[in-house]
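Visitor: Questions regarding the structure given below will be posed in turn.
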């Protein structure tokens, strides 16, 4: 197995762990952490393809990772602020108990 | 695939698994720090120094601290440690396993694992990127996305402050309420 496939497999594993956490945990904070793990797995893919791709001097995947980190930081800030607002409203951060908008 | 890569990969995945399975939320945040630091080391191992250090600064330095603050502010440390998985947890685990099976099958059977990926990996060493080159690329070719990101970060900062703003009325509902000023009630 070459290094690129190794990176892609680690990234797939990390993505699946994040997805499992986001789908199974009750705490809204850990759902957000799972989403962060998935974003990081995608970043690892970008870095791996930049490193082992045919044109690393173009820096495309590298710049994409920089932008992706900035977007993830903004997402985490807004997401955690939303969780705090929901907690003040519902007095819980358990996603299976926040069912006010359930149809 | 080198030994360093294997060690870092095992560390990262173990941190991620621990972050998603531990029962106390603070322990989860600490395990998440391990996973993020392992990813930063993986970036460094792959030759992306700037991205690795940015990952270290943003994720290990900022986002983990933010998550710890959120856990402490929502009294997450006192939540019932017996009920950490949602009722539909088994279905979520099965879905995640299926996703990993599909991704792993795609990676191991594609031409990436055998064809051009192997050739490119054999012939290229780590690409040399200086911070000067990255800065020039950001300021010339990607200047428009950079400005959009700057605008988005500003909007996210304002939005986070507005969302987390403590409303006066929800704190003491029994008190005689002055008419709230429009700035506070967004």
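Protein chains in written order, with the working numbering: chain U, 12 to 114; chain L, 10 to 195. Ideal placement from N, C-alpha and C gives every residue a C-beta, glycine not left out.
1) Could one say the Cβ of residue 110(U) lies closer than 9 Å to chain L's Cβ atoms, at least one of them?
2) Closer than 8 Å, Cβ to any Cβ of chain L: which residues of the stretch 69–97 of chain U, in chain order?
3) Mind listing which residues of the stretch 44–73 of chain L have their C-beta closer than 8 Å to chain U's C-betas, in chain order?
4) Starting from the C-beta of residue 28(L), find all residues in its chain whose C-beta is less than 7 Å away, skip the five residues before and the five after it, and write them out in chain order.
5) How big is the Cα-Cα spacing for residue 53(L) and residue 60(L)?
6) Can you grab the Cα-Cα spacing for the pair residue 169(L) / residue 101(L), in whole Å?
7) Spell out a yes or no on whether the stretch 66–79 of chain L and the stretch 62–76 of chain U are touching, meaning 3 or more CB-CB pairs, one atom from each, closer than 8 Å.
8) Please tell me whether residue 18(L) has its Cβ less than 9 Å away from any Cβ of chain U.
9) Using the Cα positions of residue 121(L) and residue 112(L), report the straight-line distance between them to the nearest angstrom.
10) Please confirm whether residue 142(L) has its beta-carbon closer than 9 Å to some beta-carbon of chain U.
11) Counting only Cβ pairs nearer than 8 Å, list the residues of chain L close to residue 56(U).
12) Is it the case that the Cβ atoms of residue 155(L) and residue 145(L) are separated by a distance below 9 Å?
13) Quick check on residue 153(L) - is its C-beta less than 9 Å from some C-beta in chain U?
14) How should residue 81(U) be labelled, buried or exposed, when 16 other C-beta atoms within 10 angstroms of its C-beta is the threshold for buried?
15) Provide the residue span of the alpha helix (DSSP H) that contains residue 10(U), from first to last.
Guide: The short version:
1) no
2) 70, 73, 74, 76, 77, 78, 80, 81, 82, 83, 84, 85, 86, 87, 88, 89, 91, 92, 93, 94, 95 and 96
3) Flagged, chain order: 44, 45, 48, 51, 52, 55, 56, 57, 59, 60, 63, 64, 67, 68, 71 and 72.
4) 37, 40, 41 and 44
5) 8 Å
6) 29 Å
7) Counting Cβ pairs under 8 Å, fewer than three are found: no touch.
8) With a threshold of 9 Å between beta carbons, residue 18(L) makes contact with chain U.
9) 13 Å
10) Output row for residue 142(L): interface = yes.
11) Within 8 Å Cβ-Cβ: nothing; residue 56(U) doesn't reach chain L, min ~10 Å.
12) Taking a C-beta distance under 9 Å as the contact criterion, residue 155(L) and residue 145(L) do not qualify as a contact pair.
13) no
14) The Cβ neighbour count for residue 81(U), taken over all protein chains shown within 10 Å, is at least 16; the residue is labelled buried.
15) This structure does not reach residue 10(U), given that chain U is present from 12 up to 114, and the question cannot be answered.
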